[in-house]
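Take 72 as the starting number for the sequence shown in our numbering and just add one per residue.
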Amino acid sequence: MERVLTRRLTPSFGLPSLRRPLQSLRLWQQRARTRRQLAALNDHQLADIGISQSERMAELEKPFWR
Numbered sequence: 072m073e074r075v076l077t078r079r080l081t082p083s084f085g086l087p088s089l090r091r092p093l094q095s096l097r098l099w100q101q102r103a104r105t106r107r108q109l110a111a112l113n114d115h116q117l118a119d120i121g122i123s124q125s126e127r128m129a130e131l132e133k134p135f136w137r
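Set out below in structure tokens:
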């Protein structure tokens, strides 16, 4: 008896190949946005969330892809 495995054929239109770069782009945008928000905080707000000036500067100096 011959067994045939079938695979559903659905048009992908290149989506699987674009998924990973789009996820990376969204992550980079999120990092840039949160770092802009971090840069806008004053000393009192930083103290409220438990972040020192040096920790903030270390985060702000990172490139968006890290």
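All residues carry an ideal CB built from backbone N, CA and C; glycine is no exception. None of the values given here were measured: they were computed from a predicted structure.
What are the start and end residues of the alpha helix (DSSP H) that includes Ser125? Taken as a continuous stretch (DSSP letters only), the alpha helix (DSSP H) holding Ser125 covers Gln124 to Leu131.
What three-state label does DSSP hand Arg106 in the structure shown? helix
Just verifying my parser: in three-state terms, what is the DSSP assignment at Pro87? Judged by DSSP in its simplified three-state form, Pro87 adopts helix.
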